[in-house]
Amino acid sequence: MEKSLLLCLLLFTAYGYVLAHYNSPEPLVSTVSKNPILPIFTFTLNTNEEFFIHIGGPYIVRKCTDGLPRPIIPCGSPACATTRRVNPYQCPPTQNTIINGRCACKATVFEPFQRICNSDQFTYGGSLSMSTLNPRSPSVTFNNLYYLCIPKPFLRDFPPVVFGLMGLAPTALAGWNQLTPPRLGLEKKFALCLPSDENPTNKGAIYIGGGPYKFRNIDARSMLSYTRLIKNPRKLNGYFLRLKGISVNEKPILLAQNAFDFDGKSDGGVTLSTVTFFTTLRNDIYKVFVEAFSQATSDIPRVKSTTPFEFCLKSTTPFQVPRIDLKLADGTIWKLFTANSMKKISADVSCLAFVNGGDTAEHAVVIGMHQMENTLLEFDVGRSAFGFSCSLGLVNASCGDFQTRL
Numbered sequence: 001m002e003k004s005l006l007l008c009l010l011l012f013t014a015y016g017y018v019l020a021h022y023n024s025p026e027p028l029v030s031t032v033s034k035n036p037i038l039p040i041f042t043f044t045l046n047t048n049e050e051f052f053i054h055i056g057g058p059y060i061v062r063k064c065t066d067g068l069p070r071p072i073i074p075c076g077s078p079a080c081a082t083t084r085r086v087n088p089y090q091c092p093p094t095q096n097t098i099i100n101g102r103c104a105c106k107a108t109v110f111e112p113f114q115r116i117c118n119s120d121q122f123t124y125g126g127s128l129s130m131s132t133l134n135p136r137s138p139s140v141t142f143n144n145l146y147y148l149c150i151p152k153p154f155l156r157d158f159p160p161v162v163f164g165l166m167g168l169a170p171t172a173l174a175g176w177n178q179l180t181p182p183r184l185g186l187e188k189k190f191a192l193c194l195p196s197d198e199n200p201t202n203k204g205a206i207y208i209g210g211g212p213y214k215f216r217n218i219d220a221r222s223m224l225s226y227t228r229l230i231k232n233p234r235k236l237n238g239y240f241l242r243l244k245g246i247s248v249n250e251k252p253i254l255l256a257q258n259a260f261d262f263d264g265k266s267d268g269g270v271t272l273s274t275v276t277f278f279t280t281l282r283n284d285i286y287k288v289f290v291e292a293f294s295q296a297t298s299d300i301p302r303v304k305s306t307t308p309f310e311f312c313l314k315s316t317t318p319f320q321v322p323r324i325d326l327k328l329a330d331g332t333i334w335k336l337f338t339a340n341s342m343k344k345i346s347a348d349v350s351c352l353a354f355v356n357g358g359d360t361a362e363h364a365v366v367i368g369m370h371q372m373e374n375t376l377l378e379f380d381v382g383r384s385a386f387g388f389s390c391s392l393g394l395v396n397a398s399c400g401d402f403q404t405r406l
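The sequence shown lines up with residues 1 to 406 when you count with full-length UniProt numbering.
In structure tokens:
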């Protein structure tokens with residue numbers, strides 16, 4: 001049995017009663033769904049409003065279609081100043097507006113799929129409620145949250161049930177920070193388990209405020225390995241990792257020593273994304289990586305590629321390919337097995353689920369949704385740490401096994 005699989009099994013079985021030893025407040029929790037039309041992940045607030053999960057979004061965005069006036073946030077307020085610091089770098093500087101003779105704060109959101117910028121009133125008010133697993137307090141309601149109000153068409157191609165965008169970037173106005181006020185005693189962190197297409201229920205989980213992450217009869221915090229989150233001075237809305245190397249079948253690929261570093265313009269680097277479908281590599285990295293993967297799978301027949309993939313194989317049952325390792329700076333290794341490294345296209349075709357970002361790619365590596373699926377991910381913003389589990393498929397489990405309801 002492979003060492004990594006054995007380790008995951010040991011972690012899964014050794015902490016069967018660990019829930020009894022944690023006395024922390026119950027976190028906020030909701031079921032995560034993967035939309036079959038547009039591959040986005042959403043979760044529920046206010047019992048029936050779906051919010052799109054965007055870990056690069058600096059604040060909450062809500063559709064405002066009733067035409068009613070909203071409270072004004074003054075242009076010179078600390079909240080408005082914060083929106084300026086985290087204005088999406090893809091968009092021009094935001095200009096404020098005048099409402100009833102008063103200078104009113106505006107903010108901007110970048111819609112990642114149509115790649116358009118949309119600016120409107122930044123406001124507060126209303127309420128949002130989210131569930132907990134505490135039988136004495138099965139939900140918590142939050143009033144007067146800050147949010148960007150978009151009255152005109154927004155997320156145009158999204159399913160109609162999507163009411164807004166839950167920005168979870170490492171910023172003061174992000175959803176995770178606004179939903180963890182001191183009165184609740186929760187931690188400044190959130191965790192995601194994004195469901196995969198292989199999950200029959202197609203359900204996952206989001207926790208806001210820390211654990212326990214109730215997974216069958218254990219607290220899944222026991223399964224996490226950690227690495228440091230690093231900051232990009234020009235792109236404050238992103239989560240970045242310090243990657244030192246990539247291995248295929250435990251053999252390092254040969255790259256320039258600074259291949260994953262930021263350049264003088266703060267481009268490059270390695271980031272995580274819930275709006276990028278498949279991990280994207282800059283061309284110099286991609287070419288070497290695919291060549292190494294091709295050599296490691298030379299005994300598997302190649303088949304014609306299909307967009308957006310360039311490397312596809314004939315798949316049989318069972319189908320396994322060599323493991324891909326992301327070697328992080330502090331010695332931890334994020335291991336990607338077949339379910340996360342390959343995308344099944346048909347009954348007998350699977351493609352390497354990495355795409356070429358070209359020579360001018362904005363980042364060296366963008367770790368996409370497919371590679372993050374069926375894995376518990378913890379964004380400990382307060383401690384600048386990122387935690388990740390092994391693929392839950394290795395222990396015959398899925399994100400649907402997390403408890404999200406009483």
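Heads up, the beta-carbon is just placed ideally off N, CA and C, and yes, glycines get one too.
Item to complete: State the DSSP-derived secondary structure class of T83, mapped to helix, strand or coil.
Response: Reduced to three states, the DSSP call for T83 is helix.
Discussion item. Residues in the same chain with beta-carbon distance under 6 Å from G245, minus the five sequence neighbours each way, listed in chain order, please.
Written reply: P252, K327
Discussion item. According to DSSP, is K235 part of a helix, a strand, or is it coil?
Written reply: coil
Worksheet item: Thinking C-beta only, is A397 closer than 8 Å to L229?
Response: no
Fill in: Check whether V86 and P112 have beta carbons under 8 Å apart
No, the pair does not count as a contact, with Cβ atoms beyond the cut-off.
Worksheet item: Would you say the segment 332-343 touches the segment 310-321, given that touching needs at least three Cβ pairs under 8 Å?
Response: yes
Practice prompt. Would you give the residue range spanned by the beta strand (DSSP E) that N356 belongs to?
Written response: 354-356
Worksheet item: Looking at C-alpha atoms only, which residue of M130, S196, N258, I40 is the closest neighbour of H363?
Response: For the residues M130, S196, N258, I40, the minimum Cα distance to H363 belongs to N258.
Worksheet item: Whose CA, out of C80, F52, T360, lies closest to the CA of I285?
Response: T360
Worksheet item: Could you give the distance in angstroms between the alpha-carbon of K34 and the alpha-carbon of K63?
Response: 20 Å
Worksheet item: To which residues of the same chain is V288 closer than 7 Å at the C-beta, ignoring the five residues directly before and after it?
Response: So the list reads I253, L254, L255, once near-sequence residues are dropped.
Discussion item. Could you compute how far the alpha carbon of L133 sits from the alpha carbon of S294?
Written reply: 47 Å
Practice prompt. Note the first and the last residue of the continuous alpha helix (DSSP H) segment covering S341.
Written response: 338-341
Fill in: Element boundaries [alpha helix (DSSP H), containing E291]
For E291, the uninterrupted alpha helix (DSSP H) segment begins and ends at 283-296.
Discussion item. Using only the alpha-carbon positions, how far apart do C399 and G185 sit?
Written reply: 26 Å
Worksheet item: Are the beta-carbon atoms belonging to V381 and K106 less than 8 Å from one another?
Response: Taking 8 Å as the Cβ cut-off, V381 and K106 do not qualify as a contacting pair.
Worksheet item: What is the rounded straight-line gap between the Cα of S391 and the Cα of P195?
Response: Each residue's Cα considered, the two are about 11 Å apart.
Discussion item. Comparing C-alpha positions only, which one of R136, A79, D157, S137 sits nearest to F122?
Written reply: Out of R136, A79, D157, S137, A79 has the C-alpha closest to the C-alpha of F122.
Worksheet item: Can you name the start and end residues of the beta strand (DSSP E) that M223 belongs to?
Response: Element bounds for M223: n/a, residue is neither H nor E.
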